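Novice:
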Amino acid sequence: MKSKATTKAEEIRSLEISEVTKSFNHTRVVDDISFDVEPGEIFGLIGPNGAGKTTTIRMIMDIIKPDTGRIRVFGKSLSERTKDLIGYLPEERGLYKKLSVLQSLLYIASLKGLENRRALSRANELLERIDMLAHQNKKNEELSRGMSQIVQFLTAVVHEPRLIILDEPFANLDPVNTELIKEIILEQRGQGKSIILSTHRMNEIEELCDRVFMINEGRGVLYGELSEIKARYRRNSVFLEYEGELGELKGVVRRHDHYGSTELILDKTTTPQAVLEELIRRGLKINRYEVSTPPLNDIFLQVVGKANE
Amino acid sequence: MNKTSLIFRHEFLNTVRRTGFIVMTLIVPLIALLGIGVYHVVSGISKPVEEAEKIGYVDEAGGFDQFTSQGNITLVPFQTPDEANNALVSNDIKEYFVIPPDYISTGVVSRYTMQKELYPPPATMTAINTFLLKNLLAGQLPASTAARIEAPLNLVTVTLTATGEVAPEQGGFGNFVFPGVFSLLLVLAIIFSSTYLLQGLGEEKENRLIEILLSSVSTRQLLTGKVLGIGVAGLVQVVVWVASTPLLLNLASSSIGGFISTIQLPAHFLILGIIYFVLGYLLFAVISASIGAISPTSREGQQIVAIFTLPAISPLWFMSLLMMFPNNPAWIGLTIFPLTAPVAVMIRMGVTGIPAWQLATSIAVLAICIVGVLLITIRVFRIYLLMYGKRPGLGKVLSMVLKG
Numbered sequence: 001m002k003s004k005a006t007t008k009a010e011e012i013r014s015l016e017i018s019e020v021t022k023s024f025n026h027t028r029v030v031d032d033i034s035f036d037v038e039p040g041e042i043f044g045l046i047g048p049n050g051a052g053k054t055t056t057i058r059m060i061m062d063i064i065k066p067d068t069g070r071i072r073v074f075g076k077s078l079s080e081r082t083k084d085l086i087g088y089l090p091e092e093r094g095l096y097k098k099l100s101v102l103q104s105l106l107y108i109a110s111l112k113g114l115e116n117r118r119a120l121s122r123a124n125e126l127l128e129r130i131d132m133l134a135h136q137n138k139k140n141e142e143l144s145r146g147m148s149q150i151v152q153f154l155t156a157v158v159h160e161p162r163l164i165i166l167d168e169p170f171a172n173l174d175p176v177n178t179e180l181i182k183e184i185i186l187e188q189r190g191q192g193k194s195i196i197l198s199t200h201r202m203n204e205i206e207e208l209c210d211r212v213f214m215i216n217e218g219r220g221v222l223y224g225e226l227s228e229i230k231a232r233y234r235r236n237s238v239f240l241e242y243e244g245e246l247g248e249l250k251g252v253v254r255r256h257d258h259y260g261s262t263e264l265i266l267d268k269t270t271t272p273q274a275v276l277e278e279l280i281r282r283g284l285k286i287n288r289y290e291v292s293t294p295p296l297n298d299i300f301l302q303v304v305g306k307a308n309e
Numbered sequence: 310m311n312k313t314s315l316i317f318r319h320e321f322l323n324t325v326r327r328t329g330f331i332v333m334t335l336i337v338p339l340i341a342l343l344g345i346g347v348y349h350v351v352s353g354i355s356k357p358v359e360e361a362e363k364i365g366y367v368d369e370a371g372g373f374d375q376f377t378s379q380g381n382i383t384l385v386p387f388q389t390p391d392e393a394n395n396a397l398v399s400n401d402i403k404e405y406f407v408i409p410p411d412y413i414s415t416g417v418v419s420r421y422t423m424q425k426e427l428y429p430p431p432a433t434m435t436a437i438n439t440f441l442l443k444n445l446l447a448g449q450l451p452a453s454t455a456a457r458i459e460a461p462l463n464l465v466t467v468t469l470t471a472t473g474e475v476a477p478e479q480g481g482f483g484n485f486v487f488p489g490v491f492s493l494l495l496v497l498a499i500i501f502s503s504t505y506l507l508q509g510l511g512e513e514k515e516n517r518l519i520e521i522l523l524s525s526v527s528t529r530q531l532l533t534g535k536v537l538g539i540g541v542a543g544l545v546q547v548v549v550w551v552a553s554t555p556l557l558l559n560l561a562s563s564s565i566g567g568f569i570s571t572i573q574l575p576a577h578f579l580i581l582g583i584i585y586f587v588l589g590y591l592l593f594a595v596i597s598a599s600i601g602a603i604s605p606t607s608r609e610g611q612q613i614v615a616i617f618t619l620p621a622i623s624p625l626w627f628m629s630l631l632m633m634f635p636n637n638p639a640w641i642g643l644t645i646f647p648l649t650a651p652v653a654v655m656i657r658m659g660v661t662g663i664p665a666w667q668l669a670t671s672i673a674v675l676a677i678c679i680v681g682v683l684l685i686t687i688r689v690f691r692i693y694l695l696m697y698g699k700r701p702g703l704g705k706v707l708s709m710v711l712k713g
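So the protein sequences, as listed, match chains V and X. To convert, note that position 165 of the first sequence is 165 in this note's numbering; the numbers rise steadily by one, no gaps. Quick note: to get this note's numbering, add 309 to the position in the second sequence (first position is 1).
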């Protein structure tokens, strides 16, 4: 169960993007997009390759400037100061090979405005958290790929940013390290930080995100609470695992048998609640009854497919 | 500490800790040391041996019988070439020469030796020459006149100022040493520093750290910190080289040591030297940074940078021409052209005086170029640093610069 922190109406938004456009060589890469990120939420930025996600992130990071529109971070226009409030993990990444783990963390933390003593204690705290304190003096080139990726992730959070942007943070990570990063992301959210998660892995978006913004060909195509979006794209169906004879059910227009379960497609006027009541009345032994929600992956494919038609 | 200082410190420490940097810093004095060693060995071989040497001669012309002792070389007369030949074969003499009867009209002297050589040793040549000359002049002229004929010219040049007074700086090779060495070090520092800058940018582009850097600091802070950090590291390298020079010179031969005492180091040499060093380095640093920004790899960047570093070195190629014609209009052009100016001015200063207007124009052009390239670099830097794996064409970069 996700524990999204309460968003007070008067609380300043972590990020506001309003009507932002960006073109390269007469091609509009980002086309009039708008979305907000609230404090204490994990926000999914999703879209196919080349949709404009990285350009959007680079505009938030003030690496490139938008042609039109407005970007505000914690209520302020982008400046060198707002850069210090953001932690960023780019999709393709690396570390200074000759620097040690600790030196890398301290250098990035110092560039983000963290005072030396605080940076050292924060780096030690994070390295201890991931059980890498013993490796703090190892050169980055001596680290395994997994360890190196974890250290790269730490460079994005070492300076205690209030907004963390993670571009494909789980790419090429083994399950153990994936879980470790997820735990840290959830801890950060628990501390009221905002996290923007850009990934192709829809299961991770479903698992972690409170709200999503989907971009396709530079335009925003989906935006809102994940549960609300899923409800919007829901097929009116339920999954049922049972023992006994099911027979005909009123309001069920079709049945799909899957391995060990049956999906009942309901007509527009029948609710899952009504079907469940009928099944209980019939005395059927029910092992599983689940209101079907479409996987985000299906919604993604549906929306992108529709846009490309 | 502000962000520019942080990047400066990081780049400086990273550069001076590089194995390549440490090796290059030490290798230049070591090569010089090796050069001095080789010089000593070679000059030791070619030096006249301390023990007395015997050279035979056959005087068929007549009258060559005095002055047979020439330093360590003793000239031993023989009646016939056969006698001299036998003495040579039996190692009584090292070599012999024959003064033929028609020597006075032809000047031809035949020399016989068992050594294979490209050219007769200078000590032998001098001994034979002096022996012949002294015998020819003996009794015909006063001794002092004969000595003058032996060494007729001992030229002392005095440089005058515009008002006809003796100039405080008298020029000469002594004065050429400082600017010559300085220009060579400037070239080395430019090449190494631009290589470090390109390698650093290349690494950051290849491992995408550049995105984290640009999301933390401004392009101006990043560029300034990098250029100054690596520049100061380059300066440290030059200081080590310069500081090792007196030690090396002490180790050099006494003749070089004597020559060194003639070196004058007027204040304006030092001031202009520092000005051109700083301006020269800054120009090539900003050029390297902009090339680093548009090059997909540091290797490709280094190839492009070579197009710019070659003109920097080019005045050194024509140094002998410069010595002969220091005020040729071509040199004035090289003094003002920004890529060649630092080295051209350095070496011209050691050979001749450079008019103030040329120096002022040259410094102004350099400064304008540095600012111009810096502005262009800041414009293209941000965009092209994020374009991985592809290098934009020249047209595209130009249109980018014009459009902003």
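No residue lacks a Cβ here, since even glycine has one placed at the ideal position from N, Cα and C. As the structure is a prediction and not an experimental result, all values here were calculated from the model.
(1) Please name the residues in the region 46 to 80 of chain V whose beta-carbon is closer than 8 Å to at least one beta-carbon of chain X, in chain order.
(2) Can you list, in chain order, the residues of its chain with a C-beta nearer than 6 Å to that of residue 416(X)? Leave out the 5 residues immediately preceding and following it.
(3) Beta-carbon within less than 6 Å of residue 313(X)'s beta-carbon, same chain only, minus the 5 sequence neighbours each way: which residues are those?
(4) Quick one: complete alpha helix (DSSP H) runs, 4+ long, within the region 314 to 366 of chain X?
(5) So residue 319(X) contacts chain V; which residues on that side make the cut at Cβ distance below 7 Å?
(6) Give a yes or no on whether the C-beta atoms belonging to residue 205(V) and residue 296(V) are separated by under 7 Å.
(7) Over the uninterrupted alpha helix (DSSP H) stretch that includes residue 230(V), give me the two end residues.
(8) Can you give me the start and stop residues for the beta strand (DSSP E) that residue 197(V) sits inside?
(9) Which residues of chain V have a Cβ atom closer than 9 Å to the Cβ of residue 517(X), listed in chain order?
(10) For residue 83(V), which residues in chain X fall below 8 Å Cβ to Cβ?
(11) Does the distance from the CB of residue 653(X) to the CB of residue 661(X) come in under 7 Å?
(12) In angstroms with no decimal places, state the Cα-to-Cα distance between residue 6(V) and residue 40(V).
(13) Report the rounded CA-to-CA distance for residue 175(V) versus residue 72(V), giving the unit in angstroms.
(14) For residue 397(X), report the span of its beta strand (DSSP E) as first-last.
(15) Taking 8 Å as the threshold, find out whether the region 255 to 270 of chain V comes into contact with the region 232 to 246 of chain V through three or more Cβ pairs.
(16) Leaving out the 5 sequence neighbours to the left and right, which residues in its chain are closer than 6 Å to residue 597(X) when beta-carbon positions are compared?
(17) Does the CB of residue 154(V) have a neighbour CB from chain X at under 7 Å?
(18) Our contact map puts residue 198(V) next to residue 15(V) with C-beta atoms below 8 Å; I'd like the distance itself, whole angstroms only.
(19) Can you check which of these residues, 395(X), 432(X), 679(X), 345(X), is closest to residue 379(X) by C-alpha distance?
(20) Under 7 Å, Cβ to Cβ, is there at least one residue of chain X near residue 226(V)?
(21) Mark residue 366(X) as exposed unless 16 or more other C-beta atoms lie within 10 angstroms of its C-beta, in which case mark it buried.
(22) Taking the alpha carbon of residue 389(X) as the reference point, which residue from 377(X), 376(X), 383(X), 406(X) has its own alpha carbon closest?
(23) Return the CA-CA distance between residue 688(X) and residue 509(X), expressed in angstroms with no decimal places.
(24) For the pair the region 666 to 676 of chain X and the region 519 to 528 of chain X, tell me if three or more CB-CB distances fall below 8 Å.
(25) Looking at the structure shown, is residue 135(V) part of a helix, part of a strand, or coil, going by DSSP?
(26) Under the three-state reduction of DSSP, which class applies to residue 625(X): helix, strand or coil?
(27) Identify every residue that forms a DSSP beta bridge with residue 214(V).
(28) Just the chain X side, please: which residues come within less than 7 Å of residue 112(V) by C-beta, in chain order?
(29) I want to know whether the region 537 to 547 of chain X touches the region 314 to 326 of chain X - three or more CB-CB distances under 8 Å.
(30) Quick one: does residue 474(X) have its CB under 7 Å from some CB of chain V?
(31) Can you list, in chain order, the stretches of the beta strand (DSSP E) that have 3 or more residues and sit fully within the region 576 to 628 of chain X?
(32) Return the chain-ordered list of same chain residues with a C-beta closer than 8 Å to the C-beta of residue 404(X), the five sequence neighbours on each side being excluded.
(33) Find out if the Cβ-Cβ distance for the pair residue 43(V), residue 17(V) is shorter than 7 Å.
(34) Short of 8 Å in beta carbon distance, which residues of its chain neighbour residue 181(V), apart from the five on each side in sequence? Order them along the chain.
(35) Assess, as a yes-or-no matter, whether the region 207 to 224 of chain V is touched by the region 285 to 292 of chain V under the definition of 3 or more beta carbon pairs within less than 8 Å.
(36) Please report how far the alpha carbon of residue 513(X) lies from the alpha carbon of residue 528(X), in whole angstroms.
Specialist: For this structure:
(1) 58, 61, 62, 63, 64, 80
(2) none
(3) 530, 533, 534
(4) 328 to 355
(5) 107
(6) yes
(7) 226 to 232
(8) 194 to 198
(9) 90, 91, 92, 93, 94
(10) 524, 525, 526
(11) no
(12) Confidence at residue 6(V) is low in this model, with a pLDDT of 46, below 50, so the placement of that residue is unreliable and no value is reported for it.
(13) 36 Å
(14) Careful: residue 397(X) lies outside any beta strand (DSSP E), inside the alpha helix (DSSP H) at 390 to 398.
(15) yes
(16) 503, 506, 507, 614
(17) no
(18) Going by Cβ atoms, the distance from residue 198(V) to residue 15(V) rounds to 13 Å, so no, they are not a contact pair.
(19) 432(X)
(20) no
(21) buried
(22) 406(X)
(23) 20 Å
(24) no
(25) helix
(26) helix
(27) 46(V), 222(V)
(28) 525
(29) yes
(30) no
(31) none
(32) 364, 365, 397, 420, 421, 422, 423, 424, 433
(33) no
(34) 150, 153, 169, 170, 173
(35) no
(36) 14 Å
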